[in-house]
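What follows is one structure encoded as structure tokens, with my remarks underneath.
Number of protein chains: 2
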Amino acid sequence: METITENEKVRVAKKIKKMFGHIDQRTAEYCPIRDVMALASDKWSILIVLYLGYYPILRFNELKKKVYGISNKVLSEKLKFLEADGYLSRTLYPEVPIRVEYELTDFGHSYLQKLLDLTEWVTQYSDIILANRKKSGKSTTKVF
Amino acid sequence: METITENEKVRVAKKIKKMFGHIDQRTAEYCPIRDVMALASDKWSILIVLYLGYYPILRFNELKKKVYGISNKVLSEKLKFLEADGYLSRTLYPEVPIRVEYELTDFGHSYLQKLLDLTEWVTQYSDIILANRKKSGKSTTKVF
DNA sequence: TTATATAAGTAACTTTTTGTAACTTACTCT
DNA sequence: AGAGTAAGTTACAAAAAGTTACTTATATAA
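Protein chains in written order, with the numbering used here: chain A, 1 to 144; chain B, 1001 to 1144.
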């Protein structure tokens, strides 16, 4: 892991300030992190977007198998939110039995590109993180 | 928003495949997205990390004010997880009343850099997303 | 000498969200 | 007529999050 210089920390702080025009401003009517990002950065949404990035088109039950562990109910809910926010498209073929296909939109692909940088970083360092976690039965807190 | 070419989509799919060595492999003993990233990409953890990127050192109650809306209980829990996983450090000054300071570690700063790219993207496009969301009272589903 | 204040939490309880498992719909095929 | 199928929905249970009051240790004010 590359160490971060003081200069870079300052640059990051400036970017945060710019991003949160409303930093420290309690009265903000809405917050992009809470109101937008939170709906696409939970674990199920991330997995759905990643799998649709890998398999360009997936049906409901295919997605359910790929994103193992997700329930019908939550998959259905997450897909609705991701569709409503424009990350993916839903196409219905009124055959019997019914067929429904999910696919990332251009917007969803654009999101995936950014998301992937983060998931790659986390995957790369997940061993380190798990090692940290193990150790910290004993608290890492410093006392002065 | 930059449109994504087919070539780029293929490149992204390859990166996903590489990242998930175990893609399509149900028996994976652990999943970095579920077991590691999920604990640092929820809305409260993101906000904690961002605020600690902006204000390098914050005490418990200062964080509580910055990350408005969070409860004592959840703030305390999230801080413990973020400390255990190595993103931040906790320093205790046994004064009266007690003083506790939280600060990003180098590892946390490294995470923040990647996270920031994503939050900037989301912030930049959050108006578009909210506009999408409004419209989609009428479903966007296509029928064939 | 009590009484008050303070920071950083914890504990008990309520509300919301998530997960589980069975059910529904609209046909086709046996 | 009865079974089978995909894509969900529904009713209920379990888990997570939010709320409010409480704790601890000590300095300072009354």
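Using N, Cα and C, we set each Cβ at its ideal position, and we do this for glycine too.
task: With distances taken Cα to Cα, identify the nearest neighbour of E120(A) among D1085(B), P1032(B), I1129(B), S1126(B).
output: What you label residue 120(A) is simply residue 120 of the first sequence in a count that begins at 1. Among D1085(B), P1032(B), I1129(B), S1126(B), the Cα nearest to that of E120(A) is on P1032(B).
- prompt: Is S1126(B) helix, strand or coil when you go by DSSP?
  reply: Locating residue 1126(B) in the second sequence gives position 126, counting from the first residue. Three-state result, S1126(B): helix.
- prompt: Which term fits F1144(B), buried or exposed, when burial requires 16 or more other beta carbons within 10 angstroms of its beta carbon?
  reply: As a first step, residue 1144(B) is located in the second sequence; it is residue number 144 there, counting from the start. When all chains shown are included, F1144(B) counts as exposed.
- prompt: What do you reckon, are the CB atoms on T91(A) and K1142(B) nearer than 7 Å?
  reply: As a working note, residue 91(A) is residue 91 in the first sequence. As a working note, residue 1142(B) is residue 142 in the second sequence. Their beta carbons are under 7 Å apart, which means T91(A) touches K1142(B) by this criterion.
- prompt: Taking the Cβ atom as the reference point for each residue, do L75(A) and Y102(A) lie within a distance shorter than 7 Å?
  reply: Here residue 75(A) refers to the residue found at position 75 when the first sequence is read from its first residue. Here residue 102(A) refers to the residue found at position 102 when the first sequence is read from its first residue. No, they are not a contact pair.
field: Sequence-distant residues of the same chain with beta carbon closer than 6 Å to L1104(B), five excluded per side
entry: Your numbering for residue 1104(B) matches position 104 in the second sequence. If we look at L1104(B) and ignore the five residues flanking it on each side, its Cβ neighbours are L1052, L1088.
- prompt: Which runs of the alpha helix (DSSP H) spanning at least 4 residues fall entirely within the region 1030-1108 of chain B, listed in chain order?
  reply: 1032-1035, 1043-1054, 1060-1066, 1072-1084
query: Can a CB atom of chain B be found closer than 7 Å to the CB of F144(A)?
result: Numbered from 1 along the first sequence, position 144 holds the residue referred to as residue 144(A). Judged by the 7 Å Cβ criterion, F144(A) is in contact with chain B.
- prompt: Hey, is the region 1037-1057 of chain B in contact with the region 68-83 of chain A, meaning 3+ C-beta pairs nearer than 8 Å?
  reply: no
L112(A) versus S1071(B) - alpha carbon distance: In the first sequence, counting from the first residue as 1, residue 112(A) sits at position 112. In the second sequence, counting from the first residue as 1, residue 1071(B) sits at position 71. Taking the straight line joining both Cα atoms gives about 31 Å.
- prompt: How would you call S1110(B), buried or exposed, if buried means at least 16 neighbouring beta carbons within 10 angstroms?
  reply: One-based indexing of the second sequence puts residue 1110(B) at position 110. It counts as buried.
message: Against chain B, does V122(A) count as a neighbour if the rule is that its beta carbon must be under 7 Å from one of theirs?
response: Here residue 122(A) corresponds to residue number 122 of the first sequence, with the count starting at 1. Taking Cβ atoms only, chain B reaches closer than 7 Å to V122(A), which makes this a yes.
task: Measuring only between beta-carbons, confirm whether S1126(B) sits less than 7 Å from chain A.
output: Counted from its first residue, the second sequence places residue 1126(B) at position 126. Interface residue, yes.
task: For L1160(B), I'd like the list of residues in its chain whose CB is within less than 8 Å of its CB, leaving aside the five on either flank, ordered along the chain.
output: Residue coverage of chain B in this structure runs from 1001 to 1144, which leaves residue 1160(B) outside it and unanswerable.
task: For T3(A), count neighbouring Cβ atoms within 10 angstroms of its own Cβ and tell me buried if that reaches 16, exposed if not.
output: In the first sequence, counting from the first residue as 1, residue 3(A) sits at position 3. Counting Cβ neighbours within 10 Å, T3(A) comes out exposed, since fewer than 16 surround it.
task: Can you grab the Cα-Cα spacing for the pair R133(A) / S126(A), in whole Å?
output: One-based indexing of the first sequence puts residue 133(A) at position 133. One-based indexing of the first sequence puts residue 126(A) at position 126. For R133(A) and S126(A), the distance between alpha carbons rounds to 10 Å.
field: C-beta atoms of G86(A) and F107(A) nearer than 7 Å
entry: For the purposes of this step, residue 86(A) is taken as residue 86 along the first sequence, with counting starting at 1. For the purposes of this step, residue 107(A) is taken as residue 107 along the first sequence, with counting starting at 1. Going by C-beta atoms, G86(A) is nearer than 7 Å to F107(A).
- request: Since I believe L118(A) is in contact with L1118(B) (beta carbons under 8 Å), could you give me their beta-carbon distance rounded to a whole number of angstroms?
  value: On the second sequence, position 118 is the one that residue 1118(B) refers to. On the first sequence, position 118 is the one that residue 118(A) refers to. L1118(B) to L118(A), Cβ: 5 Å. Contact.
message: Between R34(A) and chain B, is any beta-carbon pair separated by less than 7 Å?
response: To locate residue 34(A), count along the first sequence from 1; it is residue 34. Yes, because at least one Cβ of chain B sits closer than 7 Å to the Cβ of R34(A).
message: Quick check: is the beta carbon of R161(A) nearer than 7 Å to any beta carbon in chain B?
response: Shown here, chain A extends from 1 to 144; a query on residue 161(A) therefore has no answer.
message: What does the alpha-carbon distance come out to for the pair G21(A) and T5(A)?
response: As a position in the first sequence, residue 21(A) is number 21, starting the count at 1. As a position in the first sequence, residue 5(A) is number 5, starting the count at 1. Straight-line Cα distance between these residues: approximately 25 Å.
task: Output the boundary residues of the alpha helix (DSSP H) element that contains E2(A).
output: Here residue 2(A) corresponds to residue number 2 of the first sequence, with the count starting at 1. Neither: E2(A) is in no alpha helix (DSSP H) and is coded neither H nor E.
message: Can you give me the C-alpha to C-alpha distance between M19(A) and I1046(B), rounded to a whole angstrom?
response: As a position in the first sequence, residue 19(A) is number 19, starting the count at 1. As a position in the second sequence, residue 1046(B) is number 46, starting the count at 1. Approximately 14 Å between the Cα atoms of the pair.
query: So is K66(A) buried or exposed if we call it buried at 16+ other beta carbons inside 10 Å?
result: As a first step, residue 66(A) is located in the first sequence; it is residue number 66 there, counting from the start. By the neighbour-count rule (16 or more Cβ atoms within 10 Å), K66(A) is buried.
query: Would a check of beta-carbon distances place K114(A) closer than 7 Å to chain B?
result: In the first sequence, the residue the question calls residue 114(A) occupies position 114. Yes, K114(A) lies at the interface with chain B (some Cβ there is under 7 Å from its Cβ).
task: Report all residues from its chain with a CB closer than 8 Å to the CB of Y1055(B); omit the five preceding and five following residues, and keep chain order.
output: Position 55 of the second sequence, counted from the first residue, corresponds to residue 1055(B). Cβ within range, chain order: E1062, K1066.
- request: For R1012(B), return the contacting residues in chain A, with the cut-off set at a CB-CB distance below 7 Å.
  value: Counting from 1 along the second sequence, the entry for residue 1012(B) is found at position 12. The residue asked about is misnamed: residue 1012(B) is Val in this sequence, not Arg. G53, L112, Q113, L116, listed in chain order.
task: Can you say whether V10(A) is buried or exposed, counting buried as having 16 or more other CB atoms within 10 angstroms of its CB?
output: Residue numbering aside, residue 10(A) sits at position 10 when the first sequence is read from its first letter. It counts as exposed.
query: For V1122(B), is the classification buried or exposed, using 16 other Cβ atoms within 10 angstroms of its Cβ as the cut-off for buried?
result: If you number the second sequence from 1, residue 1122(B) lands on position 122. When all chains shown are included, V1122(B) counts as buried.
- prompt: Is it the case that the Cβ atoms of I128(A) and V1036(B) are separated by a distance below 7 Å?
  reply: Here residue 128(A) corresponds to residue number 128 of the first sequence, with the count starting at 1. Here residue 1036(B) corresponds to residue number 36 of the second sequence, with the count starting at 1. No.
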